[in-house]
Amino acid sequence: MTPHQPRTRGRPPAADQAQVTAAALRLLEEVGLDGLTMRKLATAVGVQVGTLYSYFPTKRALVTAMAEAMLSDCRDAAEGITQPRERVWTLARSLRTALLSYRDGARVYAGTHAIGPNTLGFAEALNGTLREAGLGTAAAMRTALLILHFTTGHTLEEQAAIQSDPDLPAGIEQLRTAIRDGDYPHLAEGRDHLTGTDLTELFEQGLGLLTAELL
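If you use my numbering, the sequence shown corresponds to residues 400 to 614, in order.
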């Protein structure tokens, strides 16, 4: 005879923080950041709303955990690259790629202050590489912040254009017309660059300017 197995009582174990965060990122793809509510998330996870608040007391705390999870592959993106400036570029590109991988990814990340290993590990890798490139402590920190802010802001603009404006081509044409018909000679001269849609090229140019003095 097989030993008697004790019966388990009560509800199944509630989801843990990592499972809730992963579910929030999946829901983000469906409803966007504005549509992501604790009630919708509780339904998606299959728990009571109160259970979520035991993990994340506010939506901001949840969003911070989501931002931390989004950066899971960024810290090690530049492994094996020996040239410091190329490592900095690779780290910045990895952040942009991570944010672009999620609907409203840059909005999720912007303004958060995650203290997990993904976020702090990425910051450590970026600062360490800048120090290796010859910058002092203060200069490396300032440059790292500039790179983070530039990457986040650029991605915010990318996602706003791509996700929020289905009429982007029409808007660009309106801008071209306004410049052509108005008294904006310098804008008119550089109109093709101003209204270009190659956002990756623009990102690379900005990244190059920020790191022009690195070794």
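Quick reminder that beta carbons are idealized off the backbone N, C-alpha and C, glycines included.
Put simply, the backbone Cα of Leu470 is about 45 Å away from that of Asp580. Here Pro483 is near Glu531, since their CB atoms are less than 8 Å apart.
A check of alpha carbon separations from Leu426 across Thr599, Ala414 and Ala443 identifies Ala443 as the nearest. The beta carbon of Thr511 is closer than 7 Å to those of Val462, Thr463 and Ala466 in its chain, skipping five residues each way along the sequence. Straight across, the Cα-Cα distance linking Leu440 with Ala423 is about 6 Å. The alpha-carbon of Leu608 is positioned some 43 Å away from that of Asp415. In this model, Ala477 and Leu490 are separated by some 6 Å (Cα to Cα). Counting along the chain, no alpha helix (DSSP H) covers Val446, and no H or E run does either. Taking each of Ala577, Leu519, Leu525 and Gln558 in turn and checking the Cα distance to Thr599, the smallest one comes out for Gln558. The C-alpha of Ala421 is placed about 17 Å away from the C-alpha of Leu499. Of Arg486, Arg474 and Asp433, the smallest CA-CA separation from Asp503 is found for Asp433. Taking the Cβ atoms as the reference, Thr542 lies roughly 20 Å from Leu555, outside the contact range of under 8 Å. Annotation for Phe455: Leu461 place their beta carbon closer than 6 Å to its own, counting only its chain and skipping 5 residues before and after.
Taking every protein chain shown into account, the CB of Ala537 has fewer than 16 other CB atoms within 10 angstroms, so this residue is exposed. For Ala539, the secondary structure class from DSSP, reduced to helix, strand or coil, is helix.
Separation of Gly449 and Gln573 (C-alpha to C-alpha, rounded to the nearest whole angstrom) is 49 Å.
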